[in-house]
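For the sequence shown, position 472 (counting from the first letter as 1) is numbered 473 according to the working numbering, and the numbering increases by one without interruption. Just so you know, even glycine gets a beta-carbon here, dropped at the ideal spot from N, CA and C. Values in this document were obtained by computation on a predicted structure and should not be read as measured data. One structure below.
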Amino acid sequence: MRRRIGLAHVALVATAVAFALWTWLVLGTSTFAAVDAASRRPGVDPMGTRGQILAAIAIVTTPTVVYTVLAAVTFWAARRRLHNLAWGMGASIPLGWGGAQLVKALARRPRPDTAAPLITAEGWAYPSSHMVAITVLAIMVISAMVVTRRRRTSIVLASTGLVLLWWLVFADRWWLRAHWFTDLIAGGFLGGFVASLCLAVAGVSVIRFGPVHRPPGVARRAGVIFNPVKVPDPVVFRRQVEGECAQRGWEPPLWLETDAADSGIAVSRAARKRKLDLVLVAGGDGTVRTVCATLADSRIPIAILPVGTGNLLARNLGVPLDVADALDVAFDGNAMPVDVVQLRADGGDPDHSMVMAGMGLDAKIMSETNTDLKKVMGPAAYVMAALTTLNSPPFRATVTLDGGSPIHRTPAVALVANVGNVQGQIALAPDALPDDGLIDVMLASPERVGDWGAIATRVLTRAADHPGVERAQVRKLVIETEEPVPFQIDGDTIGECTRLDVGILPGAVLVMVP
2 MRRRIGLAHV ALVATAVAFA LWTWLVLGTS TFAAVDAASR RPGVDPMGTR GQILAAIAIV
62 TTPTVVYTVL AAVTFWAARR RLHNLAWGMG ASIPLGWGGA QLVKALARRP RPDTAAPLIT
122 AEGWAYPSSH MVAITVLAIM VISAMVVTRR RRTSIVLAST GLVLLWWLVF ADRWWLRAHW
182 FTDLIAGGFL GGFVASLCLA VAGVSVIRFG PVHRPPGVAR RAGVIFNPVK VPDPVVFRRQ
242 VEGECAQRGW EPPLWLETDA ADSGIAVSRA ARKRKLDLVL VAGGDGTVRT VCATLADSRI
302 PIAILPVGTG NLLARNLGVP LDVADALDVA FDGNAMPVDV VQLRADGGDP DHSMVMAGMG
362 LDAKIMSETN TDLKKVMGPA AYVMAALTTL NSPPFRATVT LDGGSPIHRT PAVALVANVG
422 NVQGQIALAP DALPDDGLID VMLASPERVG DWGAIATRVL TRAADHPGVE RAQVRKLVIE
482 TEEPVPFQID GDTIGECTRL DVGILPGAVL VMVP
């Protein structure tokens, strides 16, 4: 993917230079002495009606209030999987407040003698903390509207309102003589610098320069297969996807909502039948698995928009967890051939795995994980379930690798993997690659509950195998058990079986990666 220069990067340089130059001119020279002299003239009477209104405005727009509002907007962005935007907003709060206090302490500029005796006019003057905060808030709110593809009219109206609010705060601080005139301008520059720095570092693309890629010839169309339960804000999500399609000259996307009854099989078949140019899948690992299995060998590129709890395939392929960045990968990334693991339980219909499948303890953990707790705690919910299932008894199994001689084991977990890492970049299958045409197998056979600690330590440190862990790479395998054992595929508990046949479909799907 090609890197784009964003407006945040340009604004960062411009505001940094402007603030540094302005600070030198104000504090190091007498260039603006005549301008600041106007602050020595008496302002409004703080005891009068006008003065009390201005004092109330000063309280309402104090940095504490403004940053609280920004924190609420940050939470809103995080809930919609706009992680980069949320990080940028969240970082701007301590940086905006702390940056203003640091410069105040260094400049040590007293307030005008004519300042109204108010709690909002205490401390050092340069720069205005009110102006820093309101500038940061205005830039972040406008950025959020642009990133979420609000209508141009809405953005213009909101921008106009925020600019008017900015000038209201400016005038309020000036009429109360809470600052020298140059303090207010400095606050705007510093606020612009803080907001631009946070957006640039967080990787938020607000406006992109350079030509937009428009595919030549026949118009192209994408399909969007999404799990409505996983998408936190369907309205914002639709605007983002449709905006990306329009910007690149694609036709409006085909929207395909999954059904709980079939986990997306029907809509995936519909997408395959329509012969779309790209399929975007927004859901958890289960939805991604279903779409990939249905579109196997279709050569239709699949782009993952991670909105699930685990998002393990996306993480292993390097797909960004931020929805806006993931959309960039969807349209500008590279199509990578990825293997699909095929499984057949007790001779039934084939199922498929894109991440990991397993029998035994891991399946029990998945089934014991509380769904509501998972929504609140995320991946930590699996840890809570694991602590209550570690004492589950192992099972007797006969394992046949690549048609060789059967081996007999008593594992607690029998795992087959297409990719290597689980949550926290923990490598359960360190040699697994999604495009090597091989299945990575792990059998964990602890003799007692205490052995799990040693096994976990070996896994976390990527050390040599513990005596209770065996690994192999094969193209096919069969696991047979004496009693029915629960099994899971990509985090979804499927049921119980006594025989699991596993094979590999090399490079069966094309997945968009950075």
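When you compare only the Cα positions, how much space is there between residue i and residue j?
i, j, result
"L119", "R112", "12 Å"
"R150", "V503", "44 Å"
"M513", "L296", "14 Å"
"I226", "D286", "13 Å"
"R174", "I54", "12 Å"
"A415", "V423", "16 Å"
"A262", "F488", "20 Å"
"P395", "Q248", "55 Å"
"R239", "L306", "12 Å"
"D340", "V148", "34 Å"
"L28", "A108", "8 Å"
"W25", "R290", "59 Å"
"P43", "G52", "12 Å"
"I505", "R476", "6 Å"
"A15", "K105", "22 Å"
"L13", "K365", "51 Å"
"A556", "P229", "Examination of residue 556 is not possible in this model, given that the chain is present from 2 through 515 alone."
"M443", "R270", "33 Å"
"A19", "Y127", "15 Å"
"A386", "G359", "Confidence at A386 is low in this model, with a pLDDT of 48, below 50, so the placement of that residue is unreliable and no value is reported for it."
"D298", "I266", "15 Å"
"N312", "P321", "10 Å"
"P515", "L279", "15 Å"
"Q102", "I58", "21 Å"
"V11", "G100", "20 Å"
"T399", "S446", "13 Å"
"V45", "G309", "56 Å"
"G7", "R300", "33 Å"
"C246", "A172", "43 Å"
"A430", "S406", "23 Å"
"H180", "S129", "7 Å"
"R3", "A336", "The predicted model places R3 with a pLDDT of 49, which falls under 50 and marks its position as unreliable, so this point remains unresolved."
"G508", "T65", "54 Å"
Closest to residue i by C-alpha separation, out of the options, would be which residue?
i, options, result
"A346", "L501, D326 and A418", "L501"
"G224", "L277, W23, F194 and A87", "L277"
"P302", "T310, A415 and C293", "C293"
"C498", "G361, F76 and L26", "G361"
"E484", "R42, L439, V341 and T411", "T411"
"Q241", "L281, A72, G265 and S264", "L281"
"T63", "V486, L138 and D441", "L138"
"I440", "V479, T161, R221 and T115", "V479"
"F182", "D326, S155, T115 and A159", "T115"
"G349", "G496, Q102 and L177", "G496"
"I140", "G89, L83 and Q102", "G89"
"V417", "L402, I408 and V510", "L402"
"V205", "N317, V70 and V324", "V324"
"A1", "V164, G100, R81 and R110", "The structure shown does not extend to residue 1, since the chain is modelled only from 2 to 515, so the question has no answer here."
"D260", "G284, D184, D363 and I60", "G284"
"P338", "V510, T154, G438 and A56", "V510"
So residue i and residue j are in contact, right, with Cβ under 8 Å, and what is the actual spacing, rounded?
i, j, result
"T482", "R397", "6 Å"
"T17", "F194", "The question names Thr, yet the displayed sequence has Ala at residue 17. That pair is a contact at about 5 Å."
"R221", "W251", "5 Å"
"D432", "Q474", "6 Å"
"L344", "I490", "7 Å"
For residue i, write down the residues that DSSP places opposite it in a beta bridge.
i, result
"G162", "Paired residue(s): none; G162 is not in a bridge."
"H353", "Q343"
"W256", "V225"
"G359", "L416 and Q489"
"T1", "Residue 1 lies beyond the stretch modelled for the chain, which goes from 2 to 515, so this question has no answer here."
"P338", "L511"
"Q474", "D441"
"T494", "Q489"
"R273", "Bridge partners of R273: none, in fact."
"R500", "E481"
"V74", "For V74, which the question treats as bridged, DSSP gives no partner whatsoever."
"G29", "Per DSSP, none; premise fails for G29."
"N422", "A428"
"G284", "P307"
"L506", "V341"
"L279", "A223"
Quick one: is residue i near chain C, going by C-beta distance under 7 Å?
i, result
"P95", "Absent from the structure: chain C. Only one protein chain is present."
Task: Cβ contact check for the region 168–185 and the region 248–263: 3 or more pairs under 8 Å - done: no
Open item on the list: Would the region 84–97 count as touching the region 197–205 if we require 3 or more Cβ pairs under 8 Å?
Closed with: Contact holds: three or more Cβ-Cβ distances are below 8 Å.
TODO: Determine contact between the region 346–357 and the region 318–331, defined as no fewer than three beta-carbon pairs at a distance below 8 Å.
DONE: No, the region 346–357 does not touch the region 318–331.
- [ ] Decide if the region 122–142 is in contact with the region 176–188; the criterion is three or more beta carbon pairs, one per stretch, under 8 Å apart.
- [x] Output reads yes: the region 176–188 touches the region 122–142.
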